[in-house]
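The sequence shown: position 182 = 313 (our numbering), numbered continuously.
Every residue, glycine too, gets a C-beta built ideally from N, C-alpha and C.
Notes to accompany the following structure.
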Amino acid sequence: RETAARVAAGTVARAFLKQALGVEVVSHVISIGASKPYDGPVPQPEDLAAIDDSPVRAFDKAAEESMITEIEAAKKDGDTLGGVVEVVVSGLPVGLGSFISGDNRLDSQLAAAVMGIQAIKGVEVGDGFETTRRRGSVAHDELHIDGGRIVRDTDRAGGIEGGMTTGQVLRVRAGMKPIATVPNALPTIDVATGDEAKAHHQRSDVSAVPAAGVVAEAMVALVLADAVTEKFGGDSVPETRRNLEAYLANIPETLVTAIEA
132 RETAARVAAG
142 TVARAFLKQA
152 LGVEVVSHVI
162 SIGASKPYDG
172 PVPQPEDLAA
182 IDDSPVRAFD
192 KAAEESMITE
202 IEAAKKDGDT
212 LGGVVEVVVS
222 GLPVGLGSFI
232 SGDNRLDSQL
242 AAAVMGIQAI
252 KGVEVGDGFE
262 TTRRRGSVAH
272 DELHIDGGRI
282 VRDTDRAGGI
292 EGGMTTGQVL
302 RVRAGMKPIA
312 TVPNALPTID
322 VATGDEAKAH
332 HQRSDVSAVP
342 AAGVVAEAMV
352 ALVLADAVTE
362 KFGGDSVPET
372 RRNLEAYLAN
382 IPETLVTAIE
392 A
């Protein structure tokens with residue numbers, strides 16, 4: 132019930148972000164269980180309908196088939212599966228968040244919000260844990276000038292550097308553990324007697340990963356809406372939009388052009 136309230140509030144936050152800034156929030160499932168992880172381009176806002184039509188909320192058909200095969204095998208074995216979801220946000224302006232203190236950094240706020248979702252055990256921004264396996268020379272997003280504007284050819288940082296948005300696509304991934312109420316009940320302790328026992332199993336889904344993506348969308352939207360109203364005000368959508376336009380007008384042209392591109 133508490134999660135449902137978060138998603139309801141997140142829906143309002145998503146609508147506000149779209150109306151005030153033109154920001155779009157999309158999620159999809161990267162993998163379920165041991166299925167081959169999706170490793171292609173991030174989905175665009177126009178892909179959301181197709182993702183929602185997928186039984187596992189996958190963006191890629193090959194990845195979808197791999198996930199379904201994994202689910203069917205686990206169901207046959209009386210087991211459950213976790214997985215990884217990704218939230219993709221496009222249209223954010225540069226400079227949301229803060230570099231001053233840890234708790235005000237946008238990435239720390241996103242991580243805390245997503246980690247607070249039921250059964251989430253890990254969160255990464257951008258390439259996250261994959262970056263730890265790279266050398267520094269190939270781990271970062273290099274800057275260069277192209278046609279008088281500052282651009283990055285990559286987005287390994289996931290749209291956040293130094294706790295603030297870069298104007299690139301923001302990417303947040305979350306890892307969800309398998310559901311604990313396994314059909315082949317797990318050993319446990321009877322708290323009344325202190326004896327070893329088998330856990331009671333009434334019913335459970337094989338995987339709740341697709342639903343977790345929707346919840347993660349909501350939590351990311353709520354954090355971003357807070358950051359937007361803190362920076363640009365939130366008494367009304369026209370006020371927020373007006374303040375955003377004034378803010379962008381005072382950013383060096385090279386950066387504004389890069390954001391719009």
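If you draw a straight line from the alpha carbon of residue i to that of residue j, how long is it in whole angstroms?
{"i": "Ile404", "j": "Val351", "result": "Since the displayed the chain opens at 132 and closes at 392, residue 404 lies outside it and no answer follows."}
{"i": "Gly344", "j": "His159", "result": "6 Å"}
{"i": "Ala323", "j": "Ser335", "result": "24 Å"}
{"i": "Leu355", "j": "Leu148", "result": "8 Å"}
{"i": "Val225", "j": "Tyr169", "result": "28 Å"}
{"i": "Ala316", "j": "Val216", "result": "26 Å"}
{"i": "Val340", "j": "Lys207", "result": "18 Å"}
{"i": "Phe260", "j": "Leu212", "result": "21 Å"}
{"i": "Asp290", "j": "Phe190", "result": "A quick correction: the sequence has Gly, not Asp, at residue 290. In a straight line, the C-alpha of Gly290 is about 20 Å away from that of Phe190."}
{"i": "Arg304", "j": "Ala328", "result": "36 Å"}
{"i": "Val269", "j": "Arg287", "result": "10 Å"}
{"i": "Glu155", "j": "His271", "result": "25 Å"}
{"i": "Glu348", "j": "Ala144", "result": "10 Å"}
Sort out for me which residues DSSP pairs residue i with in a bridge.
{"i": "Lys415", "result": "With the chain running from 132 to 392 in the structure shown, residue 415 is simply not present."}
{"i": "Leu152", "result": "None, per the DSSP bridge assignment."}
{"i": "Ala305", "result": "Val216, Val254"}
{"i": "Ile291", "result": "Thr296"}
{"i": "Ile276", "result": "Ile281"}
{"i": "Val160", "result": "Val216"}
For the ligand GDP, is there a heavy atom less than 7 Å away from the beta-carbon of residue i?
{"i": "Ser185", "result": "Of ligands this structure carries none, so the ligand GDP is not represented either."}
Could you give the DSSP three-state label for residue i: helix, strand or coil?
{"i": "Val337", "result": "coil"}
{"i": "Asp286", "result": "coil"}
{"i": "Ala130", "result": "The chain is shown from 132 up to 392; residue 130 falls before or after that span and cannot be answered."}
{"i": "Thr102", "result": "Because the chain is modelled from 132 through 392, residue 102 falls outside the range shown and cannot be assessed."}
{"i": "Val173", "result": "coil"}
{"i": "Glu376", "result": "helix"}
{"i": "Val313", "result": "coil"}
{"i": "Ser268", "result": "helix"}
{"i": "Val138", "result": "helix"}
{"i": "Pro383", "result": "coil"}
{"i": "Arg132", "result": "coil"}
{"i": "Gly247", "result": "coil"}
Contained alpha helix (DSSP H) runs [length at least 4] in the stretch 179 to 212, N- to C-terminal order: 179 to 184, 192 to 207
Sequence ranges, alpha helix (DSSP H) only - wholly within the stretch 210 to 244, length at least 4: none
Contact between the stretch 250 to 259 and the stretch 367 to 380 (3+ Cβ pairs under 8 Å): no
Cβ contact (3+ pairs, closer than 8 Å) linking the stretch 263 to 282 and the stretch 178 to 194: no
The stretch 221 to 235 in contact with the stretch 278 to 285 per 3-pair CB rule at 8 Å: no
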